[in-house]
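Undergrad: Here you go, one structure.
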Amino acid sequence: MHFDLKVYFLPELKKDKMRQFFLFLALISPFFINAQKLKKAEKAQLEYMTAQVQHLASDDLEGRRAGTDAEKKAAAYIQQQFQQNGITKTSIQNFDIYDGKKVDATSFFYIDEQELKLNSDFFPFPFTKATENIEALVSPALLEPNSTWIVDLGEIVKNETLHPHFDYMNAVKNYADQLAEKGVKAVIVYNKSKEIADLSFSAQDRTPVSKIPVIYVTKAAANKYLADPEQVYNLHFKAKVSDQYRTSQNVIAYLDRGAAKTIVVGAHYDHLGYGEDGNSTDRSGVKAIHNGADDNASGTAVLLQLSKSVQTFKTKDVNYLFIAFGAEELGLLGSKHYADNPTLNLSNVKFMINLDMVGRMKENQFTIGGFGTSPYWSTLFNQPNFLSDYKVNFDTSGVGPSDHTSFYRKNIPVLFFFTGSHTDYHKPSDDADKINYLGMLKITQLLEKVLSKGETATEIAFQATKEPTMGTRKFNVTLGVMPDYSYSGVGVKIDGVTEGRPGAKAGIKAGDIILKIGDIATNSMDGYMNALGSFEKGQSTIVIVKRGEEEIKLPIEF
Ligand SMILES: [Zn+2]
156 MHFDLKVYFL PELKKDKMRQ FFLFLALISP FFINAQKLKK AEKAQLEYMT
206 AQVQHLASDD LEGRRAGTDA EKKAAAYIQQ QFQQNGITKT SIQNFDIYDG
256 KKVDATSFFY IDEQELKLNS DFFPFPFTKA TENIEALVSP ALLEPNSTWI
306 VDLGEIVKNE TLHPHFDYMN AVKNYADQLA EKGVKAVIVY NKSKEIADLS
356 FSAQDRTPVS KIPVIYVTKA AANKYLADPE QVYNLHFKAK VSDQYRTSQN
406 VIAYLDRGAA KTIVVGAHYD HLGYGEDGNS TDRSGVKAIH NGADDNASGT
456 AVLLQLSKSV QTFKTKDVNY LFIAFGAEEL GLLGSKHYAD NPTLNLSNVK
506 FMINLDMVGR MKENQFTIGG FGTSPYWSTL FNQPNFLSDY KVNFDTSGVG
556 PSDHTSFYRK NIPVLFFFTG SHTDYHKPSD DADKINYLGM LKITQLLEKV
606 LSKGETATEI AFQATKEPTM GTRKFNVTLG VMPDYSYSGV GVKIDGVTEG
656 RPGAKAGIKA GDIILKIGDI ATNSMDGYMN ALGSFEKGQS TIVIVKRGEE
706 EIKLPIEF
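To get the numbering used here, take the position in the sequence shown, counting from 1, and add 155.
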């Protein structure tokens, strides 16, 4: 699952020990009570999926971070499972993930034949134009066109640095580009300013490439090697910055029956590793493996189980493509890559089903997204007894925080199964012992019904849905609350509140249902997003919440 963390999940939710204890009982007890009542085939499914989650979420796979050996190991394991499940056509689809910039090892810098050390003494700016060997005799006091210039950073930025988010990279690049117009060959920027801290190389810098090479000399090196601005220095340097990539992979299993149409079932198997990509919600500062049992070993386990299940269906007139996506947590990268580089003609895909976080079912409740992407879905789910005792919260949108979005964007009907968020979301505590395995079995059984009915359905037309604003907008304010995604009534139900944040300060409590923020009704997540988007830090307003049968007005300051 890949949410905009700032909006949805705020760190440091205070742990309610009692609640966790009861939750634990609720998850464990049905397993023991009902396990004996299960049929033999159901028991086998339960055992299979439990083993998959336990393996994928084990420390051995180190949190399956995209582009790491641990993710590759998980991919190889999943491919092997598909093969064991009787699917002969399996493959690994590799793709590159941009991993920032890196100074090329061929870069060097000499001043008067003394070698400067990369990073501690000098570095090329991340946006620098690459250069071959350049030799120049220059004095900071005597700057001539058609030469290399040595310039103090303080001179370049003048007094603009007073505003707090000053972009040094952009200022230096613009300065260098102006000098390029005058015929200057390269710029050496040193920093003797008391007011400006030393710059450092930022791998994530996105400043466009400059017209001439630009190199930074640190304060320490400038004091040592460029102490006298009147002196002429003999410079010899070469600068090169290159893009870095790591490789992730999708695992593809094709049950090819030579049929005209194919059903795609997908689940991402990557997770956060140790949280190196900055997408953890853990703020403890302790380096720990994020096992991602619910997110998304659970969906992967159901995917693997379904690759077995569909082979037992009576009808055989459709192909199945099972995909375990990599790099979902970095922004749906694996599914985007597949949708842009498909292994089959996407116009022959009947529909796509995505499973992301299906391991925390509570009281038979869960969410099915993509409901509005085909009129067929309402026909299917409205059949008598189709949903039996499931309590489903339907979400119409084809766009959401997971991989079905990539297929919806290709005009393919989608469904997205999700059992709701929780306080372990994107934390090292999303572990296998907290999974509701019986809930996963129930989801699998419903999916088997959806797939076998979907196989024989003749017309599953695509339908565009209203674009929600979820996950893509940037907000200036947050409440510091966690919405309950399994809640299907009016308003936004709150599952948790972070101490010290505006929501908690205003007196919002877990269990409250937010009906209105200011003048904007928060009937749905969309309304809630719109309401938050309309405020700035420091503003205040009234939040109306429903607590039990009572409606309460709470003044709030963002
Ligand atoms: Zn996630």
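Glycine included, each C-beta is placed from N, C-alpha and C at the ideal position.
Give me the Cα-Cα distance between residue 564 and residue 369, rounded to the nearest whole angstrom.
TA: Each residue's alpha carbon lies about 41 Å from the other.
Undergrad: Name the DSSP bridge partner or partners of residue 398?
TA: For residue 398, which the question treats as bridged, DSSP gives the partners 256.
Undergrad: Short of 6 Å in beta carbon distance, which residues of its chain neighbour residue 264, apart from the five on each side in sequence? Order them along the chain.
TA: So the list reads 271, 277 and 392, once near-sequence residues are dropped.
Undergrad: Enumerate, from N- to C-terminal direction, the unbroken alpha helix (DSSP H) stretches of 4 or more residues contained entirely within the region 264-331.
TA: As far as the region 264-331 is concerned, its whole alpha helix (DSSP H) runs of at least 4 residues are 308-312.
Undergrad: Looking at residue 522: is its Cβ nearer than 9 Å to the Cβ of residue 575?
TA: Cβ distance < 9 Å, so residue 522 and residue 575 count as in contact.
Undergrad: Give every residue of the same chain whose Cβ lies closer than 7 Å to the Cβ of residue 414, excluding the five residues on either side of it in the sequence, and list them in chain order.
TA: Excluding residues within five positions, the ones whose Cβ falls inside 7 Å are 472, 473 and 474.
Undergrad: Beta-carbon separation of residue 558 and residue 588 under 9 Å?
TA: Contact: no.
Undergrad: Could you give the residue range of the beta strand (DSSP E) that holds residue 422?
TA: Counting along the chain, the beta strand (DSSP E) containing residue 422 begins and ends at 417-423.
Undergrad: Do the region 243-263 and the region 390-404 make contact, defined as three or more Cβ pairs closer than 8 Å?
TA: As far as the Cβ criterion goes, the region 243-263 touches the region 390-404, which means the pair count is three or higher.
Undergrad: Curious, which full-length beta strand (DSSP E) runs of at least 3 residues does the region 503-560 contain?
TA: Counting only runs of 3 or more, we get 504-510, 520-524 and 546-549.
Undergrad: Assuming contact is defined by CB atoms lying nearer than 9 Å, are residue 527 and residue 453 in contact in what I supplied?
TA: No, these two residues do not count as a Cβ contact at 9 Å.
Undergrad: At a Cβ threshold of 9 Å, is residue 599 touching chain D?
TA: Absent here is chain D; the protein component of the structure consists of one chain.
Undergrad: Pick helix, strand or coil for residue 665, following the three-state DSSP scheme.
TA: Coil.
Undergrad: Just to confirm before moving on: does the CB-CB distance between residue 663 and residue 698 stay below 9 Å?
TA: Yes, the pair counts as a contact, with Cβ atoms nearer than the cut-off.
Undergrad: According to DSSP, residue 405 sits in a beta bridge with which residue or residues?
TA: Paired residues: 248.
Undergrad: Assign residue 248 to buried or exposed, taking buried as 16 or more other Cβ atoms, counted over all protein chains shown, within 10 Å of its Cβ.
TA: Buried: at least 16 other Cβ atoms inside 10 Å.
Undergrad: Compute the Euclidean distance between the alpha carbons of residue 610 and residue 470, then round it to the nearest angstrom.
TA: Using only the alpha carbons, I get a separation of about 8 Å.
Undergrad: Any idea if residue 224 is buried or exposed, counting beta-carbon neighbours within 10 angstroms, 16 or more meaning buried?
TA: Result: exposed.
Undergrad: Taking only the alpha-carbon atoms, compute the straight-line gap between residue 399 and residue 358 and give it to the nearest angstrom.
TA: Near 9 Å, if we compare the C-alpha coordinates of residue 358 and residue 399.
Undergrad: Quick check on residue 341: does DSSP put it in helix, strand or coil?
TA: Residue state, collapsed to three classes: strand.
Undergrad: Of all the options 266, 234, 584 and 545, which has the alpha carbon lying nearest to the alpha carbon of residue 207?
TA: Checked all of 266, 234, 584 and 545; the closest Cα to residue 207 is 234.
Undergrad: Just checking residue 705 against ligand 1 - is the residue's beta carbon closer than 8 Å to any of the ligand's heavy atoms?
TA: It does not: the Cβ of residue 705 is nowhere closer than 8 Å to a heavy atom of ligand 1.
Undergrad: Beta carbon of residue 212, beta carbon of residue 448: below 9 Å?
TA: Contact: yes.
Undergrad: Rounding to the nearest angstrom, what Cα-Cα distance links residue 704 and residue 650 in this structure?
TA: Going by the C-alpha atoms only, they are around 18 Å apart.
Undergrad: Determine contact between the region 332-343 and the region 287-307, defined as no fewer than three beta-carbon pairs at a distance below 8 Å.
TA: At 8 Å Cβ cutoff, the stretches touch.
Undergrad: Tell me the rounded alpha-carbon separation between residue 626 and residue 296.
TA: Here residue 626 scores only 44 on pLDDT, less than 50, and its place in the model should not be relied on; the value that follows carries that caveat. Cα to Cα, the separation comes out at about 52 Å.
Undergrad: For ligand 1, is there any heavy atom lying closer than 8 Å to the beta carbon of residue 432?
TA: Because no heavy atom of ligand 1 lies under 8 Å away, the Cβ of residue 432 does not count as near it: no.
Undergrad: Specify whether the region 419-426 and the region 498-510 touch according to this definition: at least 3 beta carbon pairs, one from each stretch, less than 8 Å apart.
TA: Contact holds: three or more Cβ-Cβ distances are below 8 Å.
Undergrad: Beta carbon of residue 217: closer than 8 Å to some heavy atom of ligand 1?
TA: It does not: the Cβ of residue 217 is nowhere closer than 8 Å to a heavy atom of ligand 1.
Undergrad: Do residue 242 and residue 464 count as a contact pair if the criterion is CB distance below 9 Å?
TA: The answer is no: Cβ separation not under 9 Å.
Undergrad: Going residue by residue through the region 433-487, where are the continuous alpha helix (DSSP H) segments of at least 4 residues, counting only ones entirely within it?
TA: Within the region 433-487, the complete alpha helix (DSSP H) runs of at least 4 residues are 454-464.
Undergrad: With a 10 Å radius around its C-beta and 16 neighbouring C-beta atoms as the bar for buried, classify residue 539 as buried or exposed.
TA: Exposed: under 16 other Cβ atoms inside 10 Å.
Undergrad: Taking DSSP's pairing of strands, which residues face residue 702 in a bridge?
TA: Residue 702 is bridged to 705.
Undergrad: Let's see if you can read the secondary structure: which residues bound the alpha helix (DSSP H) around residue 232?
TA: Note, residue 232: alpha helix (DSSP H), 224-239.
Undergrad: What would DSSP say about residue 562, mapped onto helix, strand or coil?
TA: Residue state, collapsed to three classes: helix.
Undergrad: Could you name the residues of the same chain whose beta carbon sits closer than 6 Å to that of residue 686, not counting the 5 residues immediately before and after it, in chain order?
TA: Excluding residues within five positions, the ones whose Cβ falls inside 6 Å are 672, 675 and 677.
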